[in-house]
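S.K.:
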């Protein structure tokens, strides 16, 4: 198992000597190896020779600002996995959004709390170690086809323990009375991300049970409209980056925000399926177009997700297979595979049509699961 380095290297990048000195003093030399650079150009050259374990990066610098430095690091195949924490006096929301869009994992505003910055660095170092270990284990899965046994081991030991730190530390920081609103917002972002990762681990174990046919489905009434809205809210950032619009319809009619459509199933399964399919549609869409989601309540429930991208011809026959992907730098080929597996667990079917001109439509249908006529497309009025 890959261990966290005994003395992780922290790279500090800031054009102000006083800031560099302050950051240097923040970290215990016995615990970390600290290297500091006054410019992005020098930092990039040093990182290429000796990649650090984490980078604390200022934004406002001459010649090359922090956003460009981050983008160049993320474009490098060797350096792209290094976690980057932006440390800046900029407090506007659009600056923070741009920082995360460029590839940053966190954002700390000046002046900062020493303990808060130390805690964030420890958390992201542990998360980085976890991701590297997971990637290594996934390579083993490919080679040895021992998915079930190894994923359980990863989830139980190598991921859940670091995630406990990831969830607990931000929670403790949130109790501080000295936090500014933007600091609370970023800490809440950490908490939400950790909870989502924890749920992904649990879901990976469920997928194993689904493959083995031993998953115990516990269906309840699920408001599928609520799930669709939640998924779009979560993916709003991805939509905005490509200037995409969304269009929702139910039985051919526009959907009011208060519409409710109850369907029998499990909310987490529906959420995972729709999140994977809508994310796939966003990634496949050209910029500036529309993602459409069309729901049908009668005689049986179905939802169709359409985008103007076409599935490449060479993967169409294997589209629902594991590890099949095309044209995505970070693609694993597991999103559509897991959506297909979860759909079958719900007793449904997942199909697609694709055309180079008309685009792609993925349709989730659940036979024998019509929405109650007196409840479908009702507005949730108190």
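Numbering (our numbering), first residue to last: 24 to 405. Just so it is clear, CB atoms sit at the ideal spot from N, CA and C, and this is done for glycine as well.
In angstroms with no decimal places, state the Cα-to-Cα distance between residue 199 and residue 50.
M.R.: 21 angstroms
S.K.: DSSP three-state call for residue 195: helix, strand or coil?
M.R.: If DSSP states are grouped into helix, strand and coil, residue 195 belongs with the helices.
S.K.: Can you tell me whether residue 109 is helix, strand or coil according to DSSP?
M.R.: strand
S.K.: Identify whether residue 305 lies in helix, strand or coil by the three-state DSSP scheme.
M.R.: helix
S.K.: Rounded to the nearest angstrom, how far is the Cβ of residue 124 from that of residue 264, given a contact under 8 angstroms?
M.R.: 7 angstroms
S.K.: Ends of the alpha helix (DSSP H) at residue 123?
M.R.: 116–125
S.K.: What do you get for residue 248, buried or exposed, if any count of 16 or more other CB atoms within 10 angstroms of its CB means buried?
M.R.: buried
S.K.: Within 10 angstroms of its Cβ, does residue 339 collect 16 or more other Cβ (buried), or is it exposed?
M.R.: exposed
S.K.: Residue 383 bridges to which residues according to DSSP?
M.R.: 330 and 377
S.K.: Closest to residue 326 by C-alpha separation, out of 317, 304 and 333, would be which residue?
M.R.: 317
S.K.: Just the C-alpha distance for residue 376 and residue 272, rounded to the nearest angstrom, thanks.
M.R.: Cα atoms of residue 376 and residue 272: separation of roughly 19 angstroms, rounded to the nearest angstrom.
S.K.: Are residue 108 and residue 144 closer than 8 angstroms when you measure CB to CB?
M.R.: yes
S.K.: Throw me the rounded Cβ distance for the residue 296 and residue 386 pair, which I believe falls under 8 angstroms.
M.R.: Under the criterion of beta carbons closer than 8 angstroms, residue 296 and residue 386 do not qualify as touching, at roughly 12 angstroms.
S.K.: What's the C-alpha gap between residue 213 and residue 146?
M.R.: 10 angstroms
S.K.: Do the segment 235–253 and the segment 155–164 touch if we need at least three Cβ pairs shorter than 8 angstroms?
M.R.: No, because fewer than three Cβ pairs between the segment 235–253 and the segment 155–164 fall closer than 8 angstroms, the two stretches do not touch.
S.K.: Under the assumption that residue 312 contacts residue 331 (Cβ atoms under 8 angstroms), give the Cβ distance between them as a whole number of angstroms.
M.R.: 5 angstroms
S.K.: With burial defined as no fewer than 16 other Cβ atoms inside 10 Å of the residue's Cβ, what is the status of residue 308: buried or exposed?
M.R.: buried
S.K.: What did DSSP end up calling residue 285 once you bin it into helix, strand or coil?
M.R.: Here DSSP, grouped into helix, strand and coil, assigns residue 285 to strand.
S.K.: Could you check the C-alpha separation between residue 197 and residue 329 for me, to the nearest Å?
M.R.: Here the C-alpha atom of residue 197 lies approximately 41 angstroms from the C-alpha atom of residue 329.
S.K.: If residue 58 sits next to residue 39, beta carbons under 8 angstroms apart, how far is it from one beta carbon to the other, in whole angstroms?
M.R.: Contact between residue 58 and residue 39 fails: their C-beta atoms lie close to 17 angstroms from each other, not under 8 angstroms.
S.K.: Determine the burial state of residue 75: buried for a count of at least 16 other Cβ atoms within 10 Å of its Cβ, exposed for fewer.
M.R.: buried
S.K.: To the nearest angstrom, how far is the alpha carbon of residue 216 from that of residue 341?
M.R.: 32 angstroms
S.K.: So residue 32 is in the beta strand (DSSP E); what residue range does that whole segment cover?
M.R.: Segment 32–36, the beta strand (DSSP E) holding residue 32.
S.K.: Could you check which residue in 209, 286 and 149 has the C-alpha nearest to that of residue 241?
M.R.: 286
S.K.: Where do the ends of the beta strand (DSSP E) carrying residue 244 lie?
M.R.: 243–246
S.K.: For residue 433 and residue 321, I'd like the C-alpha separation in whole angstroms.
M.R.: Nothing in the structure corresponds to residue 433, since the chain is present only between 24 and 405.
S.K.: Would you mind working out which of 389, 85, 136 and 135 sits nearest residue 288, comparing C-alpha positions?
M.R.: Closest option to residue 288, Cα to Cα, is 389.
S.K.: Identify which residue in 94, 102 and 88 has its Cα closest to the Cα of residue 111.
M.R.: 88
S.K.: Mapping DSSP to helix, strand and coil, what is residue 398?
M.R.: Confidence is the limiting factor: at residue 398 the pLDDT is only 48, short of 50, which leaves the residue's position unreliable, though a coordinate-based value still follows. In the structure shown, residue 398 sits in coil (DSSP, three-state: anything other than H, G, I, E or B).
S.K.: Taking the beta strand (DSSP E) that residue 91 falls in, what are its first and last residues?
M.R.: Run containing residue 91: none in the beta strand (DSSP E); it sits in the alpha helix (DSSP H), 89–98.
S.K.: Would you say the beta carbon of residue 341 comes nearer than 7 angstroms to a heavy atom of the ligand FMN?
M.R.: The ligand FMN is absent from the structure shown, which contains no ligand whatsoever.
S.K.: Let me know the secondary structure DSSP gives residue 355 once reduced to three states.
M.R.: Confidence at residue 355 is low in this model, with a pLDDT of 48, below 50, so the placement of that residue should be treated as unreliable; the coordinate-derived value is given next. Coil, per DSSP.
S.K.: Excluding sequence positions up to five away, which residues of its chain have a Cβ less than 8 angstroms from the Cβ of residue 114?
M.R.: So the list reads 132 and 205, once near-sequence residues are dropped.
S.K.: Within 10 angstroms of the Cβ of residue 415, are there 16 or more other Cβ atoms? Answer buried if so, exposed if not.
M.R.: The question about residue 415 has no answer here: the residues shown for the chain are numbered 24 through 405.
S.K.: Pull up the distance between the alpha-carbon of residue 306 and that of residue 255, whole angstroms please.
M.R.: A straight-line Cα-Cα distance of about 14 angstroms links residue 306 and residue 255.
S.K.: With DSSP as the reference, please indicate the residues paired to residue 58 in a beta bridge.
M.R.: 34
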